[in-house]
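Student: Encoded as structure tokens, here's the structure I'll be asking about.
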Amino acid sequence: MAVDQSDIEKLAELARLQISEEAAAETAQSISQVLELVDQLQAADTQNVKPMAHPLDAVQRLRADVVTETDQRESLQAMAPATQDGLYLVPKVIE
Amino acid sequence: MHSKTIAQLISGLRNKEFSSVELTQHFLDRIAAHDDRYNSFITLTGDIALTQAQVADQRLAAGDAPALCGVPIAHKDIFCTKGVRTSCASKMLDNFIAPYDATIVENYQQAGAVMLGKTNMDEFAMGSSNETSYYGPVKNPWNTNCVPGGSSGGSAAAVAALLAPGATASDTGGSIRQPAALCGLTGIKPTYGRVSRYGMIAFASSLDQAGVLTRSAEDAAIMLNTMASFDAKDSTCVDQPLEDYTQGLAASLNGLTIGIPDEYFGEGLNPKTAEAVQAAIKTYQSLGATIKPISLPHTHLAVPAYYVIAPAECSANLSRFDGVRYGHRCEDPKDLADLYKRSRGEGFGNEVKRRILVGAYALSAGYYDAYYNKAQQVRRLIKQDFVEAFADVDVILGPTAPNPAFEFGAKGGDPVAMYLEDIYTIATNLAGLPGLSIPCGLIDGKPIGLQLIGNYFAEGKLLNVAHQFQQATDFHQQTAPATA
């Protein structure tokens with residue numbers, strides 16, 4: 001399936017990814033090439049085939065509900081772009 | 096010292112032929128002298144390396160030396176290293192100092208290995224040529240006009256140029272085996288879940304697996320012994336008994352059955368690559384193996400299924416890079432949406448953006464069944480092909496990549512042409528099987544890779560089959576012309 005520039009703009013909005021207008025046209029073309037490749041899947045007979053999410057069909061391992069991690073807030077926030085009083089700062093969300 | 100294998104370095108260190116500090120300084124000097132040509136490292140960790148080497152020398156002197164004590168290695172820059180920049184070759188993480196070590200990094204530290212530095216790669220491991228790195232492309236030591244393969248191209252080039260005796264790497268669709276093929280190395284991707292993914296920056300979580308790049312199967316066995324472990328911190332790590340991969344290397348191949356899949360010798364395969372692989376098959380026959388033609392009928396669907404599943408998982412995994420907690424943040428965001436969009440738009444390169452968008456498309460309402468669900472169904476059919484094949488054969492053999500190393504820019508703007516370079520390696524990741532590449536010849540002075548695929552947790556068998564080939568041939572001992 002081919003996508004056009006407006007599809008790319010919608011996808012970029014969903015993915016919170018800025019794509020310049022010039023890049024959008026080029027991206028639409030290259031993504032259409034990728035989709036043409038993956039469209040070969042449609043010819044496969046997959047009736048009654050169970051989707052496979054994990055190569056060994058493993059399920060989530062459970063553990064006891066106890067604290068195993070120590071508090072590392074300071075070291076983790078040391079690399080944040082902006083923090084204050086132990087909180088991450090972002091532009092004002094609520095007026 | 097730089098032309099010695101890891102096995103030789105271990106015995107040289109133990110026999111006091113040289114110290115770890117001497118050895119480490121030697122490799123650091125080589126990197127300083129030669130890496131301008133290859134760009135195989137993003138970050139050098141000389142101070143850490145020399146400190147680790149001093150500790151290793153003390154342990155060697157005290158007779159308390161663990162497996163890799165004093166042996167210098169390089170880590171792909173996808174593995175978190177505490178206190179050291181871990182960039183994943185992306186502008187997004189150019190300023191990221193990892194707050195913890197990946198489990199495999201810890202495993203190597205405990206085994207006494209010395210970290211020389213962090214190697215270059217395709218951005219977020221997305222690529223087959225190392226051209227997508229924020230830090231510039233890596234050059235192939237065999238021919239610096241050509242790519243080293245990807246995504247572990249820096250690890251491959253460093254080992255091929257004898258700037259490190261071995262390196263860690265990761266493989267989501269061929270990122271260990273294809274660079275091994277293009278740089279004339281031995282590279283193994285273990286069974287999915289055999290090696291911990293904790294601290295390995297995620298690309299496609301159901302496909303990613305760490306492994307090693309070395310100059311022989313014996314060295315790969317030695318390095319994998321340390322890398323493999325069960326890790327409760329990785330929920331997909333499999334709790335299987337560990338084995339010593341060096342133990343079975345010497346076993347005879349008498350009675351071994353090797354499957355040759357028709358589908359791996361079809362259209363698109365360079366005839367000279369096919370010739371070299373056919374010659375390798377003859378070598379195996381002379382070593383006592385039986386050759387059996389097999390079919391993996393869904394092979395042609397592996398690349399299409401992969402380019403739904405991998406981008407879908409990538410778009411989910413890379414949503415964590417939001418400019419809030421770490422990594423690149425744009426200047427003067429006007430609101431939160433602008434902060435997200437511009438930070439990500441500026442921080443990610445084109446191939447990463449393309450895959451995020453393809454993934455968002457495959458997962459979006461209305462397309463999920465047609466793409467994601469369908470790809471997961473095809474994934475099971477691909478696995479089933481292998482399960483049926485392994486009922487009759489011990490290992491599967493074919494080419495690793497259709498062509499030897501290609502020139503920079505050769506795949507131009509066509510992403511699909513690049514994706515098809517991984518046509519023989521991708522199915523192994525979809526099925527979760529172990530795969531290995533060893534050198535089996537040269538075309539116009541450029542190496543060709545032979546791929547061996549094993550059953551689940553048959554890494555030992557694969558390494559044995561590779562080692563026996565290397566006892567009978569000397570392709571793995573050939574080094575890039577400019578390395579002396």
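From first to last, the protein sequence lines stand for chains L and B.
The first sequence begins at 1 in the working numbering and counts up by one.
The second sequence begins at 96 in the working numbering and counts up by one.
Built from N, CA and C at the ideal position, the CB exists for glycine as well.
Note that the structure is predicted; figures quoted are calculated from it, not measured.
Using a C-beta to C-beta distance shorter than 8 Å, which residues of chain L count as neighbours of Ile-192 (chain B)?
Tutor: Position 97 of the second sequence, counted from the first residue, corresponds to residue 192 (chain B). Those are Met-79, listed as they occur along chain L.
Student: Closer than 8 Å, CB to CB, is Thr-70 (chain L) near chain B or not?
Tutor: As a first step, residue 70 (chain L) must be located in the first sequence, where it is residue number 70. With 8 Å as the cut-off, Thr-70 (chain L) does not count as an interface residue toward chain B.
Student: Check whether the Cβ atoms of Ala-460 (chain B) and Ser-410 (chain B) sit closer than 8 Å, and answer yes or no.
Tutor: Taking the second sequence and counting its residues from 1, one reaches residue 460 (chain B) at position 365. Taking the second sequence and counting its residues from 1, one reaches residue 410 (chain B) at position 315. Result no, Cβ atoms of Ala-460 (chain B) and Ser-410 (chain B) do not sit closer than 8 Å.
Student: Using beta carbons (cut-off 8 Å, strictly below), is Gln-380 (chain B) in contact with chain L?
Tutor: To locate residue 380 (chain B), count along the second sequence from 1; it is residue 285. So, not an interface residue.
Student: Considering only residues of the same chain and omitting the five flanking positions on each side of Asn-498 (chain B), which have a CB-CB separation below 6 Å?
Tutor: Stepping through the second sequence from its first residue, residue 498 (chain B) is reached at position 403. Closer than 6 Å at Cβ, skipping near neighbours: Asn-365.
Student: Can you look up His-97 (chain B) in the DSSP assignment and give me helix, strand or coil?
Tutor: Locating residue 97 (chain B) in the second sequence gives position 2, where the first residue counts as 1. If DSSP states are grouped into helix, strand and coil, His-97 (chain B) belongs with coil.
Student: Within a Cβ cutoff of 6 Å, which residues of the same chain sit near Ser-300 (chain B), ignoring the five residues on either side of it in sequence?
Tutor: Sequence index remark: in the second sequence, residue 300 (chain B) carries index 205 (1-based). Only Glu-408 meet the Cβ criterion.
Student: Whose C-beta lies closer than 8 Å to the C-beta of Leu-396 (chain B) among residues of the same chain, with five residues either side of it excluded?
Tutor: Counting from one through the second sequence, the residue named residue 396 (chain B) turns up at place 301. For Leu-396 (chain B), where only same-chain residues beyond five positions count, the Cβ hits under 8 Å are Val-473, Leu-476, Ile-477.
Student: Let's test the definition: count the other Cβ atoms within 10 Å of the Cβ of Ile-94 (chain L) and tell me whether it reaches 16, buried, or not, exposed.
Tutor: Here residue 94 (chain L) is taken as the residue at index 94 of the first sequence, counted from 1. Under this definition Ile-94 (chain L) is an exposed residue.
Student: In whole angstroms, what separates the C-alpha of Glu-36 (chain L) from that of Tyr-466 (chain B)?
Tutor: Within the first sequence, numbered from 1, the residue matching residue 36 (chain L) stands at position 36. Within the second sequence, numbered from 1, the residue matching residue 466 (chain B) stands at position 371. Distance between the alpha carbons of Glu-36 (chain L) and Tyr-466 (chain B) is about 12 Å.
Student: Let me know the secondary structure DSSP gives Met-513 (chain B) once reduced to three states.
Tutor: Translated into positions along the second sequence, residue 513 (chain B) becomes position 418. Correct three-state label for Met-513 (chain B): helix.
Student: Cβ of Tyr-293 (chain B) less than 8 Å from any chain L Cβ?
Tutor: As a first step, residue 293 (chain B) is located in the second sequence; it is residue number 198 there, counting from the start. No - not a single Cβ of chain L is within 8 Å of the one on Tyr-293 (chain B).
Student: With distances taken between CB atoms, is the gap from His-97 (chain B) to Glu-313 (chain B) smaller than 8 Å?
Tutor: Sequence index remark: in the second sequence, residue 97 (chain B) carries index 2 (1-based). Sequence index remark: in the second sequence, residue 313 (chain B) carries index 218 (1-based). Cβ atoms of His-97 (chain B) and Glu-313 (chain B): not closer than 8 Å.
Student: Quick one, are the C-beta atoms of Leu-371 (chain B) and Ile-518 (chain B) less than 8 Å apart?
Tutor: As a first step, residue 371 (chain B) must be located in the second sequence, where it is residue number 276. As a first step, residue 518 (chain B) must be located in the second sequence, where it is residue number 423. According to the sequence displayed, residue 371 (chain B) carries Ala and not Leu. No, Cβ-Cβ distance for Ala-371 (chain B) and Ile-518 (chain B) is not below 8 Å.
Student: Considering just the uninterrupted stretch of the alpha helix (DSSP H) at Ile-94 (chain L), what are its terminal residues?
Tutor: Reading the first sequence from its first residue, position 94 is the one you call residue 94 (chain L). Where Ile-94 (chain L) is concerned, there is no enclosing alpha helix (DSSP H), given that its DSSP letter is neither H nor E.
Student: Using a Cβ-Cβ cut-off of 8 Å, state whether Ala-44 (chain L) counts as contacting chain B.
Tutor: Locating residue 44 (chain L) in the first sequence gives position 44, counting from the first residue. For Ala-44 (chain L), the answer is yes, since a Cβ of chain B falls inside 8 Å of its Cβ.
Student: Just curious, the beta strand (DSSP E) that Lys-541 (chain B) is in, first and last residue?
Tutor: Taking the first residue of the second sequence as 1, we reach residue 541 (chain B) at position 446. Per DSSP, Lys-541 (chain B) belongs to the beta strand (DSSP E) from 541–549.
Student: Cβ closer than 8 Å: which chain B residues qualify as neighbours of Arg-73 (chain L)?
Tutor: Looking up residue 73 (chain L) in the first sequence gives position 73. Those within 8 Å of Arg-73 (chain L) in chain B number zero; the least Cβ separation is about 11 Å.
Student: When the cut-off is 8 Å and only beta carbons count, does Val-38 (chain L) lie next to chain B?
Tutor: For the purposes of this step, residue 38 (chain L) is identified with residue 38 of the first sequence, where counting begins at 1. Yes, because at least one Cβ of chain B sits closer than 8 Å to the Cβ of Val-38 (chain L).
Student: Report yes or no: do three or more beta-carbon pairs, one from the segment 241–248 of chain B and one from the segment 214–227 of chain B, lie closer than 8 Å?
Tutor: Counting Cβ pairs under 8 Å, three or more are found: they touch.
Student: Alpha helix (DSSP H) containing Leu-277 (chain B): first to last residue?
Tutor: Here the question's residue 277 (chain B) lines up with position 182 in the second sequence. It spans 272–278 - the alpha helix (DSSP H) in which Leu-277 (chain B) sits, taken as one unbroken run.
Student: Would you check if there are 3 or more beta carbon pairs closer than 8 Å linking the segment 195–212 of chain B to the segment 377–387 of chain B?
Tutor: Too few Cβ pairs lie closer than 8 Å, so no.
Student: Cβ-heavy atom distance between Ser-250 (chain B) and the ligand MN below 7 Å?
Tutor: In terms of ligand content, the structure shown is empty, and the ligand MN therefore cannot be addressed.
Student: Could you check whether the Cβ of Ile-8 (chain L) sits closer than 8 Å to any Cβ belonging to chain B?
Tutor: By 1-based counting over the first sequence, the position of residue 8 (chain L) is 8. It does; some Cβ of chain B falls within 8 Å.
Student: Consult DSSP for Asp-217 (chain B) and reduce its assignment to one of helix, strand or coil.
Tutor: As a first step, residue 217 (chain B) must be located in the second sequence, where it is residue number 122. Residue state, collapsed to three classes: coil.
Student: Measure the alpha-carbon distance for Gly-107 (chain B) versus Val-307 (chain B) and round it to whole angstroms.
Tutor: Along the second sequence, read from residue 1 onward, the residue named residue 107 (chain B) stands at position 12. Along the second sequence, read from residue 1 onward, the residue named residue 307 (chain B) stands at position 212. C-alpha separation (whole angstroms): 22 Å.
Student: So does the segment 284–293 of chain B actually touch the segment 534–543 of chain B, counting three or more Cβ pairs closer than 8 Å?
Tutor: No, the segment 284–293 of chain B does not touch the segment 534–543 of chain B.
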